[in-house]
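To convert, note that position 214 of the sequence shown is 1434 in our numbering; the numbers rise steadily by one, no gaps.
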Amino acid sequence: MALITLTTDFGLKDHFVGAVKGAIYSELPDAKIVDITHLITPFNITETAYILKNAYKSFPKGTIHIIGVDSELSVENKHIAIELDGHYFICPDNGVICMIASEVQPAKIVEINIHNHIESSFPVLDIFVKVATFIARGGKLDVIGKEIQSHKKLIEIQPKVNQDRNLIVGGVIYIDNYGNVISNISKKAFDEIGKGRDFTVTARRYTFKKIFNKYNEIVNFTSEDIRQYDGSKLALFNTAGYLEIAVFRSNLKTVGGASSLLGLRYRDTISVEFHEEEKPDFTTV
């Protein structure tokens, strides 16, 4: 049974999601369809890349992932199919795949060329579904397109490191349902550049000298009332391995979240400055 996932910015109000699922079932009645999300911020490629990176590995090898964000075909936005890490991805070549492909080398990339026979203003429905169901039936990527050697990269996915390697300048790439703010600064980069040095994380006018690994590490459980920690600001490395600015037990309808309380928005700067150890002064007078 073919397993096909859908990740789009279509929302749930309109007919788009239902039409895509109907087209899949028409081509492949025994398909199993899983919605990763249809609530991507419209045209937000970075947000899509982050969600996809953290979702796809939970699916079995051979899963086919349809990505419908900024998918309108143009000279600058071609359609590609990728075999990567045992999975298949059908998507626009707009950088959406680069967060996964930066860690795992694609086995094959093809530029989809079946557009010569199909004219469409809804490519996810008319093109991506046909490609996905073709692959699900055992079809090879070479049949649907010409092999290419590269895909588009997103510059904003990668943080910048200064020449002295004592400053990482990143930015907000995603804000989750709790209002937690995720940056593009990975724990791997933090460890490699920081090398155990003291640091200061800065997000707007807020600074953090400690990074947690879990939200509740900020709590002293011997306290009589641990509710006093609700709403506390903290920095942590989340389960995806990225630096996150959060609020403990945040609730956007009550105490607020990091995005609202700290005034952080998509693409805002988050930086980490590493401090050199002070060397003892052995000068004698």
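C-beta: ideal position from N, C-alpha, C; glycine also.
- In the structure shown, N1471 falls within a strand segment according to DSSP collapsed to helix, strand and coil.
- By the neighbour-count definition (other C-beta atoms within 10 Å, threshold 16), S1341 is an exposed residue.
- In terms of Cα proximity to T1422, the closest of Y1398, V1254, E1493, L1259 is E1493.
- In this structure, DSSP gives D1313 a state outside helix and strand, which the three-state scheme calls coil.
- If you draw a straight line from the Cα of K1298 to the Cα of E1331, it comes to about 7 Å.
- Counting along the chain, L1481 sits inside the alpha helix (DSSP H) bounded by residues 1478-1481.
- Per DSSP, E1331 is one residue of the beta strand (DSSP E) stretching across 1328-1332.
- In this structure, K1434 is the residue among N1471, K1434, K1277, G1391 with its C-alpha nearest to the C-alpha of F1457.
- DSSP lists S1403 as the bridge partner or partners of V1392.
- By the Cβ criterion, the segment 1290-1308 is not in contact with the segment 1235-1244, since fewer than three pairs of Cβ atoms, one from each stretch, lie closer than 8 Å.
- Contact between K1453 and V1467 holds, since their C-beta atoms are separated by about 6 Å, short of 8 Å.
- The C-beta separation of K1273 from D1313 comes to about 17 Å, leaving the pair out of contact by the 8 Å criterion.
- Taking one beta carbon from each stretch, the segment 1322-1330 and the segment 1258-1266 have fewer than 3 pairs nearer than 8 Å; the two do not touch.
- Ranked by Cα distance from E1367, the options D1418, I1329, S1491 are led by I1329.
- With a 10 Å radius around the Cβ and a threshold of 16 neighbouring Cβ atoms, V1363 comes out exposed.
- With fewer than 16 other beta carbons inside 10 angstroms of its own, F1441 counts as exposed.
- Apart from the 5 residues on each side of it in sequence, K1252 sits with its Cβ closer than 6 Å to the Cβ of M1221, L1223 in its chain, given in chain order.
- Restricting attention to beta strand (DSSP E) runs no shorter than 3 residues, the segment 1257-1308 encloses them at 1284-1288, 1299-1304, ordered along the chain.
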